[in-house]
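Let me begin by presenting the structure, written as structure tokens, before commenting on it.
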Amino acid sequence: MTRDTAIAASPCAWWQRGVIYQIYPRSFQDSNGDGIGDLPGITRRLDYLRWLGVDALWLSPVYPSPMADFGYDVADYTGIDPIFGTLKDFDELLAETHRRGMKLIMDFVPNHTSEEHPWFRESRASRENPRRDWYIWRDPAPGGGPPNNWLSEFGGPAWTQDPATGQYYYHAYLPQQPDLNWRNPDVHAAVHTAMRFWLERGVDGFRLDTVHHLFEDEGLHDNPPNPDFRDGMAPILAYTRVHQMDLPQVQDVLAGLRQLTDAYDDRVLIGEVYLPLERIVTYYGTDLQPGVHLPFNFHLIGAAWRASFIADLMVRYESLLPPGRWPNWVLGNHDRSRVASRFGAQNAALACMLLLTLRGTPTLYYGDELGLTDVPIPPAAVQDPWELRVPGFGYGRDPVRTPMPWDKTLHGGFTDGTPWLPLGGSHGDVESQRNDATSLLRLTRDLIALRRRNAALSEGSYGAIESRGDVLVYERVAGSARVVVLLNFSSVTVHTPLVQGQVILSTAGDRAGEHAANLVALRPHEGLICACT
Ligand code: GLC
Ligand code: CA
Numbered sequence: 136m137t138r139d140t141a142i143a144a145s146p147c148a149w150w151q152r153g154v155i156y157q158i159y160p161r162s163f164q165d166s167n168g169d170g171i172g173d174l175p176g177i178t179r180r181l182d183y184l185r186w187l188g189v190d191a192l193w194l195s196p197v198y199p200s201p202m203a204d205f206g207y208d209v210a211d212y213t214g215i216d217p218i219f220g221t222l223k224d225f226d227e228l229l230a231e232t233h234r235r236g237m238k239l240i241m242d243f244v245p246n247h248t249s250e251e252h253p254w255f256r257e258s259r260a261s262r263e264n265p266r267r268d269w270y271i272w273r274d275p276a277p278g279g280g281p282p283n284n285w286l287s288e289f290g291g292p293a294w295t296q297d298p299a300t301g302q303y304y305y306h307a308y309l310p311q312q313p314d315l316n317w318r319n320p321d322v323h324a325a326v327h328t329a330m331r332f333w334l335e336r337g338v339d340g341f342r343l344d345t346v347h348h349l350f351e352d353e354g355l356h357d358n359p360p361n362p363d364f365r366d367g368m369a370p371i372l373a374y375t376r377v378h379q380m381d382l383p384q385v386q387d388v389l390a391g392l393r394q395l396t397d398a399y400d401d402r403v404l405i406g407e408v409y410l411p412l413e414r415i416v417t418y419y420g421t422d423l424q425p426g427v428h429l430p431f432n433f434h435l436i437g438a439a440w441r442a443s444f445i446a447d448l449m450v451r452y453e454s455l456l457p458p459g460r461w462p463n464w465v466l467g468n469h470d471r472s473r474v475a476s477r478f479g480a481q482n483a484a485l486a487c488m489l490l491l492t493l494r495g496t497p498t499l500y501y502g503d504e505l506g507l508t509d510v511p512i513p514p515a516a517v518q519d520p521w522e523l524r525v526p527g528f529g530y531g532r533d534p535v536r537t538p539m540p541w542d543k544t545l546h547g548g549f550t551d552g553t554p555w556l557p558l559g560g561s562h563g564d565v566e567s568q569r570n571d572a573t574s575l576l577r578l579t580r581d582l583i584a585l586r587r588r589n590a591a592l593s594e595g596s597y598g599a600i601e602s603r604g605d606v607l608v609y610e611r612v613a614g615s616a617r618v619v620v621l622l623n624f625s626s627v628t629v630h631t632p633l634v635q636g637q638v639i640l641s642t643a644g645d646r647a648g649e650h651a652a653n654l655v656a657l658r659p660h661e662g663l664i665c666a667c668t
């Protein structure tokens, strides 16, 4: 009898206990043969997600959009792009998700709209337009040219001159993504109305896009040069963006969005925040002025694949976390190299065990449960505007957005047409991995199931035990339940002095039931979860 016992009634919310699964809708499942994934396609695959055991689905944007940034340029906050389907398709997806006991989280992009959003069309029409001040317009610099030296995340100046009035508008990303002016109360009201539209429809929360960019320095001070900038680096790194992001006013906006969300039962707000850990944690807000429930913690994505590095990261994050706030970890997303490419395919299972045994809500990126790798995209097939604007520095995100391989039929069962991006890689598809008890997919499913039924893993405290050499050992404890996780980051067998207990799950799937007495042998890249006393 192990301590791997069922959880009694839990005081935690679903977004604390659960596992979030990110879907990039263009690449999940096509239903109409146009080569692009859509909402009816996702609905068709819900049984798979339920089988996998995830608790909540987060959809990258499906709003009407000219797709300059593949949906992160929103032309209407309260509609569905015909590429993805209709509002009716959305309602059906939501109902079917709920019927299976899962939650649905929408992406929401408050920082900017598409240049084709009616608000921006009006804003750019004339200086007198009532919506002029909904965006950030400035005169040219005294001698002409952009108002200051700010650069866009996606290359080139963050200012574009509009011929209609001769003024420049600000865009943290593409010129097709003008930034909203959050100093204007009408913008707050309009965005709140749009979010209420979805909350009323029953969505379970939002992932808020790039919230650290909501405000810029009103005095338009030039950014200082980046002291680490060297020849050969991408020109977008020439300055540090101190005046362009993470301004204190962001907290007021998030508090407003939180208040709005809290008026509905049991919803969650997640913030995308690419900042150092000590800044990320400020996005939880304060007790008086709460911010988002979960500011995404992306620091595993950039981590060095070394036991000591990861151990330090966990300890530092735990120590920075404000009292009473809930941690979270992200291993991959639609913007960064896939985990199996970043850390190596031989480490994919170990990374998955790490993610699903850490304290805090894990977010899993579609396809990472199969060990999908980045798919090289030939230059002529590149779609991502970031790569097109700043070529050759590895910014391209197409490789991590390729279609989900479901089976061995043409195009992996993703589409009957021509997929918008090629499928690739040698990893197995869903069907074959489902039938293989030693696959990463089956391990992922087992880890999710274990996490769900084991209170120590889903809700317990975290304690570092050791990170000697290439081995990372930690415990998770809830009441009398104690679990010890042992991860071997190296490519040789190591012996670790440790535990009295029983193995409940191992990355290779063949060690459950073993008694781990004192000296545990870990094979290369192997991880074990032990129930201990
Ligand atoms: C976020 C999204 C990214 C998008 C950018 C601009 O970082 O994750 O995909 O390009 O915001 O909206
Ligand atoms: Ca389609």
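For what it's worth, the working numbering labels the leading residue of the sequence shown as 136, then goes sequentially. Even for Gly, the Cβ is constructed at its ideal location relative to N, Cα and C. In this text, all values refer to a predicted model and were calculated from it rather than measured experimentally.
Practice problem: Taking only heavy atoms of ligand 1 into account, decide whether any of them is closer than 6 Å to the Cβ of Tyr308. | Solution: Yes - ligand 1 has a heavy atom lying nearer than 6 Å to the Cβ of Tyr308.
Quiz item: Under the DSSP definition of a beta bridge, which residues are partnered with Val627?
Solution: Val627 is not bridged to any residue.
Self-check item: Collapsed DSSP secondary structure at Ala324 in the structure displayed
Solution: DSSP places Ala324 in helix when its eight states are reduced to three.
Quiz prompt | Between the CA atoms of His434 and Ile415 - distance to the nearest angstrom | solution = Approximately 10 Å, taken between the alpha carbons.
Quiz item: Any contact of the region 380-400 with the region 346-363, i.e. 3+ C-beta pairs under 8 Å?
Solution: Yes, the region 380-400 is in contact with the region 346-363.
Quiz item: Residues in its own chain within less than 6 Å of Gln518 by CB, not counting five upstream and five downstream?
Solution: Scanning its chain for C-beta atoms nearer than 6 Å, with the 5 sequence neighbours on each side dropped, one finds around Gln518 the residues Asp533, in chain order.
Self-check item: Option nearest Tyr303 by Cα separation, candidates Pro320, Ala260, Met330, Trp333
Solution: Of the candidates Pro320, Ala260, Met330, Trp333, the one whose C-alpha sits nearest the C-alpha of Tyr303 is Ala260.
Quiz item: Does ligand 2 have even one heavy atom less than 6 Å from the beta-carbon of Ile664?
Solution: Result no, Cβ not under 6 Å from ligand 2.
Practice problem: Using the Cα positions of Glu99 and His650, report the straight-line distance between them to the nearest angstrom. | Solution: Residue 99 lies beyond the stretch modelled for the chain, which goes from 136 to 668, so this question has no answer here.
Exercise. Can you have a look at His233 and say buried or exposed, based on whether 16 or more other CB atoms are within 10 angstroms of its CB?
Key: Only exposed fits His233, as fewer than 16 other CB atoms lie within 10 angstroms of its CB.
Exercise. Would you decide whether Asn570 is buried or exposed? Buried here means 16 or more other CB atoms lie within 10 Å of its CB.
Key: Asn570 comes out exposed.
Quiz item: For Gly604, which of Met539, Leu657, Ala442 has the nearest alpha-carbon?
Solution: Selected option, being the one with the closest Cα: Ala442.
Self-check item: Any non-hydrogen atom of ligand 1 within 6 Å of Thr345 CB
Solution: At a threshold of 6 Å, Thr345 counts as near ligand 1, since its beta carbon sits closer than that to one of the ligand's heavy atoms.
Quiz item: Hey, would you say Ser596 sits closer than 7 Å to Val606, going by beta carbons?
Solution: Val606 sits away from Ser596, with the two beta carbons spaced by 7 Å or more.
Quiz item: If you scan the region 141-222 from start to end, which runs of the alpha helix (DSSP H) of 4 or more residues do you find wholly inside it?
Solution: You should have 149-152, 174-179, 181-187.
Quiz prompt | Runs of beta strand (DSSP E) lying entirely within the region 384-446, each at least 3 residues, in chain order | solution = Taken in chain order, the unbroken stretches of beta strand (DSSP E) that lie wholly in the region 384-446 and span 3 residues or more are 403-406.
Exercise. Say yes only if the C-beta of Tyr207 is nearer than 6 Å to one or more non-hydrogen atoms of ligand 1, and no if none qualify.
Key: Yes - ligand 1 has a heavy atom lying nearer than 6 Å to the Cβ of Tyr207.
Self-check item: Extent of the continuous beta strand (DSSP E) run through Trp464
Solution: That run of the beta strand (DSSP E) goes 463-465.
Quiz item: ligand 2 heavy atoms versus the CB of Asp216: any closer than 6 Å?
Solution: Of the heavy atoms belonging to ligand 2, none sits nearer than 6 Å to the Cβ of Asp216.
Exercise. Whole angstroms is fine: what's the gap from Ala141's alpha carbon to Arg586's?
Key: Its pLDDT being 39, under 50, Ala141 is placed unreliably in this model, and the value from its coordinates should be taken loosely. Computed Cα separation, rounded: 10 Å.
Quiz item: Mind checking whether the beta-carbon of Asp204 lies closer than 6 Å to any heavy atom of ligand 1?
Solution: Under cutoff, so the answer is yes.
Practice problem: Indicate, with yes or no, if ligand 2 has a heavy atom lying under 6 Å from the CB of Ile171. | Solution: For Ile171, the shortest separation between its Cβ and any heavy atom of ligand 2 lies below 6 Å.
Quiz item: Cα separation between Asp509 and Trp440?
Solution: Approximately 18 Å, taken between the alpha carbons.
Practice problem: Decide if Gly531 is buried, meaning its Cβ has at least 16 other Cβ atoms within 10 Å, or exposed. | Solution: Buried, because 16 or more other Cβ atoms sit within 10 Å of the Cβ of Gly531.
Quiz item: Nearest-angstrom Cα distance between Arg138 and Ile639?
Solution: Its pLDDT being 37, under 50, Arg138 is placed unreliably in this model, and the value from its coordinates should be taken loosely. Rounded to whole angstroms, Arg138 and Ile639 show a C-alpha spacing of 9 Å.
Exercise. Please check if any C-beta of chain B sits within less than 7 Å of the C-beta of Ala446.
Key: Included in the structure is just one protein chain, with no chain B present.
Quiz item: With 16 other CB atoms within 10 Å as the buried threshold, where does Glu413 fall?
Solution: Burial call: exposed.
Exercise. Compute the minimum distance between the beta carbon of Ser571 and the heavy atoms of ligand 1, and state whether it is under 6 Å.
Key: Reading the sequence as shown, one finds Asp at residue 571 and not Ser. Checking the 6 Å criterion, the Cβ of Asp571 is out of range of every heavy atom belonging to ligand 1.
Practice problem: Report the residue from Leu389, Ala390, Asn361, Ala486 whose alpha carbon sits nearest the alpha carbon of Val377. | Solution: Looking at Leu389, Ala390, Asn361, Ala486, the one whose alpha-carbon comes closest to that of Val377 is Asn361.
Self-check item: Burial state of Thr579, where buried means 16 or more other Cβ atoms lie within 10 Å
Solution: By the Cβ-count criterion, Thr579 is buried, with 16 or more other Cβ atoms from all chains shown falling within 10 Å of its own Cβ.
Quiz item: Could you give the distance in angstroms between the alpha-carbon of Gly249 and the alpha-carbon of Thr178?
Solution: Checking the displayed sequence, the identity of residue 249 turns out to be Ser instead of Gly. C-alpha separation (whole angstroms): 27 Å.
Self-check item: Distance CB(Pro497)-CB(Trp461) smaller than 7 Å
Solution: Taking the C-beta atoms as reference points, Trp461 is found no nearer than 7 Å to Pro497.
Quiz item: Can you give the Cα-Cα distance for Gly598 and Tyr609, rounded to whole angstroms?
Solution: C-alpha separation (whole angstroms): 6 Å.
Quiz prompt | C-alpha distance - Ala210 paired with Met202, whole-angstrom precision | solution = Answer to the nearest angstrom: the Cα atoms are 9 Å apart.
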